[in-house]
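A.B. asks: Sequence order for the protein chains is H and V. Residues 5 to 107 in our numbering are what the first sequence spells out, letter by letter. Residues 49 to 670 in our numbering are what the second sequence spells out, letter by letter. All C-beta atoms, glycine included, are put in the ideal place defined by N, C-alpha and C. Sharing a structure below in structure tokens format, with a few things to ask.
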Amino acid sequence: MSTFPDYYKLLNISQNASVDDIKTAYKKESLKTHPDRLANATPEQRQAATEKFQAVADAYYVLSDPTRRREYDSLYSTRRPQERTAQPDASASFFATFANMFG
Amino acid sequence: MPTAIGIDLGTTRCCVGIWRNDRVEIIPNEEGNPFTPSYVSFTETEWLIGDAAMRKAARDPSNTVFNVKRLLGRAFSDPGIQADIAHVPYEVFEKDMKPHIRVRYRGNTKEFSPEEVFSLILTKMKEIAQSYLGSIVTSAVITVPAHFNLSQRQTTKDAGTMAGLKVLRVLSETSACAATYRVDRWNARDHNVLIFDLGGGSLSVSLVTAHESGVLDVQANAGDAHLGGEDFDDRLVQHFSAEFKRNHRVDLSGNHRALRRLRIACERAKRTLSSAMKTTVMVDGLYEGIDFETSLTRGSFEDLCDDLFRRTLDPIDSVLRDAKIHKSQVDEVILVGGSTRIPRIGRLVSEFFDGKELNRSMNTDEAVTCGAAIQAAILAGATSEKTQGVLLLDVAPVSLGIETTGGAMTPIIKRHSTVPTKKSQMFTTTSNNQPGVFVQVYEGVHAKAKDNNLVGRFVISGLSPAPRGVPRIEVTFDMDANDRLVVSATDKGSGKSQTISISSDVRGLSRKEMEAMSAEAEGYYREAAERKAAKKSLEAYASSLETAIVELQNALGRATLLMNAGKDISAEVYRHRQQAMEEAAETAMRKLSGSATSQQGERSGRRVSDEKYIRSWQLSPV
């Protein structure tokens, strides 16, 4: 695992954001990145937005649940800032390993 | 902007609508009805769709096709399909492992797939919209039950494409209702909405969180593919057939015309009992001049269907469980679908929620069409203040994964994941020097892969020989908002990768393809083994050459030392040194030629074989 998805950065929130902050940020980012809201965009823009949305949805899944968030936070603190990334592609593989911890 | 319509493609009837001037208009058909029966009748001269076809059902039952939705995108071997076939008067047979329909049309026998029948109905709905709007309709959102899997959704999409429509989305019926709810009743706070949609053929239940921002977050779906108005009609038909048999010693089963007429009378009685407490079921000349007349009370109808009615609560239970929401946290319970007019159903749902008042403000029959039309407008890029900010975050209807060791299903995208979604997982081989991996993609919730629905398969061959558990194969599932799934697998060692796009037709591998792939993989395997052996041999030779050179250099060094030592050296000493050098050279040469013959490539004795061989290329989670 070389890169670590920074779910806080993806949702544009601070590490001590409240549950309501997380919810609001998720809805806000969804409206910006979900391809359904981009009917008049170019295919490339839609593709880029789709990738971003996929990571944003992962971020919400992880941070909206207290247990998952605690687990994520403990991993987060072991990573140096330069290892954390808001690039969407870091989420797909991290997520699978991470989500399996919860069965 | 293209003209985009919303179509509610129901088991028993269809409805079409369009978003215009900030509201949904439901489009009536040529007979002025907002609903068009999902019936197609084939005659000697033409095919009829809708009301005209339904009227033919009693006269020409074997050529009038209905309830096709229950056949869509399913395997012929499906036990549910078999029960459905027993209930319909037209011929259903197996072709390519799927149910097909055989009818007489224009004096010939014609075969249709369920999606072809659907494409006829969709064409009709498109024409209804075009003649009403006076313009060409290019695209549509089509609704399906929330529990429809990927294959069924793809098949629905294919039917739309065949009807000349660009299908913008195959949308869950309950999700469509959520969109209607959002546009109809803006509520500036977060709240949980349970949508209970009981139609003619199926039940769908969804839990959706409506957010003040306009975002609708679908939490969970559940449903029953075989529970709806048709099943209640069936009960009544069975009951009255038995009564007729008792009274007149006449068996109606097999007499499609009589059964059809009895069914129409039963359906009418069912509807009447939604408002009246008692009704009469009457069919003149039901069988050989014998009239049938009997009475039915609401109480006895409820008793006859009691188990079916109670079954409607099961999906509510599972939706709440999946969404991890207690029933007391549900803010609104919305009932839609014609069968929710049955008073007993409403009472059962209300009792389930401890006497909660149900929301019946939405038009029971049109809510789904409205939502489809709203979503169609949004996806086509319409700009309306009322749809501004409305976003439906829908979920994957089933789990998607691959088969791993022991036939297990390892889900990659879990059911109820918000789409679009992309997930990767690392896998490895299960045997030593496994030459490839066989990736089989399934959809479904069962723990055993074979109990789920196979949607695609492919092979990566030419893995470098390695002990089991060592190779790293990354499998990625990428699903877009249109339920289009792209599966790729990459062997991290060799960089070899394969990508497939899952479509409605399982890209099954024929035996020949299997053999070809096996042979190709065997070729790779042999090539890789030879390459490895050759390299090893070269390394060994180079290393022994190096040793020899070092030994010779040492001998040479000693000789040089002796030669430069001066005049006091005897001939004996020179001769002795030369002899030692000759011996060293000889040893070195012998070593070199010997090592060259001992290093032969280890050839694999594995025979090129067939499907069974490829099937052994299993994957296991890391």
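Between which two residues does the beta strand (DSSP E) carrying T191 (chain V) extend?
C.D. replies: Element bounds for T191 (chain V): S187 to V192.
A.B. asks: Just the C-alpha distance for V523 (chain V) and K117 (chain V), rounded to the nearest angstrom, thanks.
C.D. replies: In a straight line, the C-alpha of V523 (chain V) is about 34 Å away from that of K117 (chain V).
A.B. asks: Using a Cβ-Cβ cutoff of less than 7 Å, which residues in the same chain neighbour M629 (chain V) once the five nearest sequence positions on both sides are dropped?
C.D. replies: Counting only Cβ-Cβ distances below 7 Å, and skipping sequence neighbours, we find A603 and A607.
A.B. asks: Give me, in chain order, the residues of the same chain whose beta-carbon lies closer than 6 Å to that of Q648 (chain V); leave out the 5 immediate sequence neighbours on both sides.
C.D. replies: Because the pLDDT of Q648 (chain V) is 39, which lies under 50, any placement of that residue in the model is unreliable, and the question is left without a value.
A.B. asks: Inspect the beta-carbon positions of S679 (chain V) and A52 (chain V) and report whether they are closer than 8 Å.
C.D. replies: There is no way to answer for residue 679 (chain V), as the model of chain V reaches only from 49 to 670.
A.B. asks: Helix, strand or coil for E491 (chain V), going by three-state DSSP, please let me know.
C.D. replies: Three-state DSSP puts E491 (chain V) in a strand.
A.B. asks: Three-state secondary structure (DSSP) at K544 (chain V)?
C.D. replies: Coil, per DSSP.
A.B. asks: Since R88 (chain H) meets chain V, which of its residues come closer than 9 Å, beta carbon to beta carbon?
C.D. replies: In chain order: nothing, as chain V lies at least about 19 Å away.
A.B. asks: For the alpha helix (DSSP H) holding P363 (chain V), just list the boundary residues, first then last.
C.D. replies: Per DSSP, P363 (chain V) belongs to the alpha helix (DSSP H) from D362 to A371.
A.B. asks: Excluding five sequence neighbours on each side, which residues of the same chain lie with their C-beta closer than 7 Å to the C-beta of V231 (chain V)?
C.D. replies: Excluding positions up to five away in sequence, the list reads I422, K434, T435 and V438.
A.B. asks: For I550 (chain V), which of helix, strand or coil comes out of DSSP?
C.D. replies: Reduced to three states, the DSSP call for I550 (chain V) is strand.
A.B. asks: Taking 8 Å as the CB-CB limit, is L307 (chain V) close to chain H?
C.D. replies: It does not: the Cβ of L307 (chain V) has no partner Cβ on chain H nearer than 8 Å.
A.B. asks: Do the segment 209-225 of chain V and the segment 406-416 of chain V make contact, defined as three or more Cβ pairs closer than 8 Å?
C.D. replies: At 8 Å Cβ cutoff, the stretches touch.
A.B. asks: For I521 (chain V), tell me which candidate among V:D238, V:K544 and V:G454 has the shortest Cα-Cα distance.
C.D. replies: That would be V:K544, whose Cα lies nearest to the Cα of I521 (chain V).
A.B. asks: Note down, in chain order, each residue of its chain lying with its Cβ closer than 6 Å to the Cβ of A90 (chain H), except the 5 sequence neighbours on either side.
C.D. replies: Answer for A90 (chain H): D10, K13 and L14, listed in chain order.
A.B. asks: Within the chosen definition, does the segment 396-411 of chain V reach the segment 193-209 of chain V through at least 3 CB pairs nearer than 8 Å?
C.D. replies: The segment 396-411 of chain V is not in contact with the segment 193-209 of chain V.
A.B. asks: Is DSSP giving F114 (chain V) helix, strand or coil here?
C.D. replies: DSSP places F114 (chain V) in coil when its eight states are reduced to three.
A.B. asks: Should Y12 (chain V) go down as buried or exposed, given a rule of 16 or more other Cβ atoms within 10 Å for buried?
C.D. replies: The requested residue 12 (chain V) does not occur in the structure, where chain V is confined to residues 49 to 670.
A.B. asks: With a 10 Å radius around its C-beta and 16 neighbouring C-beta atoms as the bar for buried, classify S26 (chain V) as buried or exposed.
C.D. replies: Not covered by the structure: residue 26 (chain V). The range shown for chain V is 49 to 670.
A.B. asks: Should the segment 65-73 of chain H be regarded as contacting the segment 494-506 of chain V, the criterion being three or more beta carbon pairs within less than 8 Å?
C.D. replies: Too few Cβ pairs lie closer than 8 Å, so no.
A.B. asks: With the cut-off set at 8 Å, would you say V535 (chain V) and G484 (chain V) are in Cβ contact?
C.D. replies: Cβ atoms of V535 (chain V) and G484 (chain V): not closer than 8 Å.
A.B. asks: What does the Cβ neighbour count give for F141 (chain V), buried or exposed, with the cut at 16 atoms within 10 Å?
C.D. replies: Label assigned to F141 (chain V): exposed.
A.B. asks: Distance, Cα to Cα, I74 (chain V) vs K540 (chain V)?
C.D. replies: Looking at the two C-alpha atoms, the distance is approximately 54 Å.
A.B. asks: Could you check whether the Cβ of Q91 (chain H) sits closer than 8 Å to any Cβ belonging to chain V?
C.D. replies: So no, Q91 (chain H) is outside the interface.
A.B. asks: Can you check whether the C-beta of K32 (chain H) is within less than 8 Å of a C-beta belonging to chain V?
C.D. replies: It does: the Cβ of K32 (chain H) has a partner Cβ on chain V nearer than 8 Å.
A.B. asks: Under DSSP, the alpha helix (DSSP H) around N295 (chain V) begins and ends at which residues?
C.D. replies: Where N295 (chain V) is concerned, the enclosing alpha helix (DSSP H) stretches over G277 to H296.
A.B. asks: Counting contacts by CB-CB distance shorter than 8 Å, is F8 (chain H) in contact with chain V?
C.D. replies: Answer no: the Cβ-Cβ gap between F8 (chain H) and chain V never drops below 8 Å.
A.B. asks: For K375 (chain V) versus F401 (chain V), is the C-beta distance shorter than 8 Å?
C.D. replies: Going by C-beta atoms, K375 (chain V) is nearer than 8 Å to F401 (chain V).
A.B. asks: For the alpha helix (DSSP H) that M145 (chain V) lies in, which residues bound it at each end?
C.D. replies: Careful: M145 (chain V) lies outside any alpha helix (DSSP H) and carries neither H nor E.
A.B. asks: Using the beta-carbon count (16 or more within 10 Å), is N156 (chain V) buried or exposed?
C.D. replies: The residue in question, N156 (chain V), is exposed, as its Cβ has fewer than 16 Cβ neighbours within 10 Å.
A.B. asks: Does any residue of chain H bring its CB to less than 8 Å from the CB of L356 (chain V)?
C.D. replies: So no, L356 (chain V) is outside the interface.
A.B. asks: Which first and last residues belong to the alpha helix (DSSP H) in which L67 (chain H) is found?
C.D. replies: L67 (chain H) -> alpha helix (DSSP H) spans P47 to L67.
A.B. asks: Could you pull out every residue in the same chain whose Cβ sits closer than 8 Å to the Cβ of G653 (chain V), ignoring the five residues on either side in sequence?
C.D. replies: Reliability fails at G653 (chain V), whose pLDDT of 38 lies under 50, so the model's placement of it is uncertain and the value that follows must be treated cautiously. Contacts found: none.
A.B. asks: What are the start and end residues of the beta strand (DSSP E) that includes E522 (chain V)?
C.D. replies: Per DSSP, E522 (chain V) belongs to the beta strand (DSSP E) from I521 to M527.
A.B. asks: Have a look at T645 (chain V) and A537 (chain V) and give me their C-alpha separation to the nearest angstrom.
C.D. replies: Legend: pLDDT at T645 (chain V) = 45, less than 50; position of this residue unreliable, no value from coordinates given.
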